[in-house]
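For the sequence shown, the numbering used here assigns the number 210 to the initial residue and increments by one for each residue that follows.
Everything below concerns the one structure shown next.
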Amino acid sequence: MHYFDEEDSLLGDSPQTAEHAREMTRGFLSAVAPKDPAEAEAVLIVVSELVTNTLVHAGGVTGFQLRAGPGP
Numbered sequence: 210m211h212y213f214d215e216e217d218s219l220l221g222d223s224p225q226t227a228e229h230a231r232e233m234t235r236g237f238l239s240a241v242a243p244k245d246p247a248e249a250e251a252v253l254i255v256v257s258e259l260v261t262n263t264l265v266h267a268g269g270v271t272g273f274q275l276r277a278g279p280g281p
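Here it is, written out as structure tokens:
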């Protein structure tokens, strides 16, 4: 389960796979609607890599939160 709060933030259950993390991130990105599709793709790649590394090297994800804010 996850929810969005008033600050464009996603708090969710800890993803158990990189695919699950990407699905959660896609939902979040569709809500905050980044203007550049390349930015959304970059976020998906970073999330996937971080979650994969956490699963492989640290035994699992213990928390998952995404936030959107104004860009440069």
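Think of the CB as a built atom: it goes at the ideal place given N, C-alpha and C, for glycine as much as any other residue.
For V252, the first and last residue of its enclosing alpha helix (DSSP H) = 246–266
message = Output needed for S223: all residues of its chain with C-beta closer than 8 Å, excluding positions within five of it in sequence on either side, in chain order.
response = G269, V270, T271, G272, F273
task = Kindly indicate which residue of V265, L253, H266, N262 has the alpha-carbon position closest to the one of T234.
result = L253
message = Just to confirm, is the Cβ distance from S257 to A277 under 8 Å?
response = no
inquiry  = Is the beta carbon of V260 closer than 8 Å to that of A230?
reply    = yes
inquiry  = Let me check understanding here. Comparing Cα to Cα, which of V265, P243, F237, E250 lies closest to P279?
reply    = P243
key: Pairwise C-alpha distance: N262 and E248   = 21 Å
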